[in-house]
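In what follows, a single structure is set out as structure tokens and then discussed.
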Amino acid sequence: MSRFAGLKKTVAPSVVEPEAQAVVEKARSRNPREGKRAVVGYFSPAVSKGLHQLALDTDTTIQGLIGEAIDDLMRKHGRHPFGER
């Protein structure tokens, strides 16, 4: 028996409402990448830094910025945008 085995019995269980616990478990079980494929590009450090700064300034993510850029590119070429973020 480990020296910490007794602690498990003495520590009070965390007080979490059942509804809140269900929401947490559901959020953990979802895989946001499920059914998606990576689209990768290699750019200079200056481009990376610029994208990160723009994401911070606009309170969004790099993925959101890239999704917006892809939609703009699709429109430019007369295609329907995907609208994925």
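Per UniProt numbering, the sequence shown starts with residue 1, numbered consecutively.
All residues carry an ideal CB built from backbone N, CA and C; glycine is no exception.
These figures come from a predicted structure and were not determined experimentally.
> In whole angstroms, what separates the C-alpha of VAL24 from that of PRO18?
Replying inline: Straight-line Cα distance between these residues: approximately 10 Å.
> Would you call the CB atoms of PHE82 and ILE70 closer than 8 Å?
Replying inline: Between PHE82 and ILE70, the gap from beta carbon to beta carbon is short of 8 Å.
> Which of the three DSSP states, helix, strand or coil, is assigned to VAL40?
Replying inline: Note: VAL40 maps to coil in three-state DSSP.
>> What does the alpha-carbon distance come out to for the pair GLY78 and GLY64?
In response: Approximately 21 Å, taken between the alpha carbons.
> Roughly how many angstroms separate the alpha carbons of PHE43 and ASP59, rounded to a whole number?
Replying inline: Computed Cα separation, rounded: 22 Å.
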